[in-house]
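Numbers 243 to 464, taken from our numbering, label the letters of the sequence shown in order.
Virtual Cβ for every residue (Gly too), placed ideally from N, Cα, C.
Remember, it's a predicted structure, so these values are computed and weren't measured experimentally.
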Amino acid sequence: MGAEDRIRILVVDDDPTSLAALSALLAGDGYRITVARGGREALLRIARDRPDCVVLDYAMPEMTGLEVLRSLRASGDQIPVLMLSAKSDPYDKTAGYSSGADVYVGKDEDPSVVRAAIQRLLNRAGSTGSRIEIGGLVIDSSTWSCHVDGRQVRLPPRSFSLLLALASQAGRVCRKEQLIYQVWGVNSDVYTRAVDNAVVELRRLLGDDSGNPRFIHTVRGV
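Structure representation (structure tokens):
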């Protein structure tokens, strides 16, 4: 995939250390990163560059993340926005969501949570493309369909969402906590054992032998 084809993410933060760390993390995942060091610069870059997703700091001088969000939504711009904040008080989260944030993640969260949240946003927005092909497996999120070696496999919604989450990270290890976030949602009280059971069921539906898997490989101890 060439540089011009990569998914574009705008990272907005007035703290140079946080900005550099998050940009490096996401660039390492293959995203094309641009940065803004304040709210007004963010609005200019969004209008000019049209990124696929915005990671927006909550508290910034001059123009806060909340003000950026309100400006975007007031103009009808529904660009996916992940609000990243050191503020974990319910009031602050409510303010973020009320202002138009799609996802609100604390800065103290593990980087895998940020990655999962971004992937969920991109999947929802269709920025990753609707069709994924892996060997004999073909998944089309636009038609909610799945084929194995040309044979259609009918999957329940939860199984399809799990398959899509795994396939969108093909070649990488997906932690159970990451899958819970992507498939069951950020406020879910699902335990990791439920992920194990869901994977077993998905394998059964796909005809994927756990002893000699084609599609889903388990990595122990991660």
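Just the Cα atoms here: how many angstroms apart are residue i and residue j?
i      : j      : result
Thr370 : Ile288 : Note that Thr370 scores a pLDDT of 48, beneath 50, so its modelled location is shaky; the value from the coordinates is reported in the next line. Answer to the nearest angstrom: the Cα atoms are 19 Å apart.
Gly348 : Arg373 : 32 Å
Ser317 : His459 : 45 Å
Leu252 : Asp299 : 11 Å
Val350 : Arg446 : Sequence check: residue 350 is Asp here, not Val. Distance between the alpha carbons of Asp350 and Arg446 is about 37 Å.
Gly338 : Asn365 : 21 Å
Ala263 : Ile275 : 12 Å
Pro399 : Val441 : 13 Å
Leu363 : Cys295 : 8 Å
Arg435 : Met305 : 44 Å
Ala343 : Arg357 : 16 Å
Gly453 : Trp386 : 28 Å
Enumerate in chain order the residues of its own chain whose CB-to-CB distance from residue i is below 8 Å, with the five nearest sequence positions on each side excluded.
i      : result
Leu405 : Ile381, Cys388, Leu397, Leu444 and Leu448
Ile376 : Ala409, Ala412 and Phe457
Val355 : Val347, Glu419, Gln420 and Tyr423
Pro303 : Asp256 and Gly280
Arg315 : Ser341 and Gly342
Output needed for residue i: all residues of its chain with C-beta closer than 7 Å, excluding positions within five of it in sequence on either side, in chain order.
i      : result
Val437 : Lys418, Leu421 and Ile422
Ser265 : Val253, Ile275 and Val277
What does the Cβ neighbour count give for residue i, buried or exposed, with the cut at 16 atoms within 10 Å?
i      : result
Pro258 : exposed
Tyr433 : exposed
Gly378 : exposed
Gly244 : Any reading at Gly244 needs caution, since the residue's pLDDT is 40, under 50, leaving its predicted position unreliable; the model's value is listed next. Result: exposed.
Gln361 : buried
Tyr333 : exposed
Pro322 : buried
Arg290 : exposed
Tyr455 : Note on identity: in this sequence residue 455 is Pro, with Tyr being the wrong assignment. Pro455 is exposed by the Cβ-count criterion.
Alpha carbons only, please: which of the options is nearest the one belonging to residue i?
i      : options                           : result
Leu308 : Leu285, Arg290, His459 and Ile275 : Leu285
Val254 : Asp451, Leu379, Leu324 and Ala278 : Ala278
Ala301 : Ser260, Asp319, Ala407 and Trp386 : Ser260
Gly270 : Glu283, Ile249 and Arg282         : Ile249
Pro353 : Asp450, Pro293 and Leu268         : Leu268
Tyr273 : Glu283, Val297 and Arg282         : Val297
If you drop the 5 nearest sequence neighbours on each side, which residues of the same chain put their C-beta closer than 6 Å to that of residue i?
i      : result
Lys335 : Tyr346
Ala359 : Leu324, Val345 and Val347
Val425 : Ser403, Leu404 and Ala407
Ser341 : Leu308, Leu311 and Arg312
- Message: Count Cβ pairs between the region 387 to 395 and the region 311 to 330 that sit closer than 8 Å; are there 3 or more?
- Response: No, the region 387 to 395 is not in contact with the region 311 to 330.
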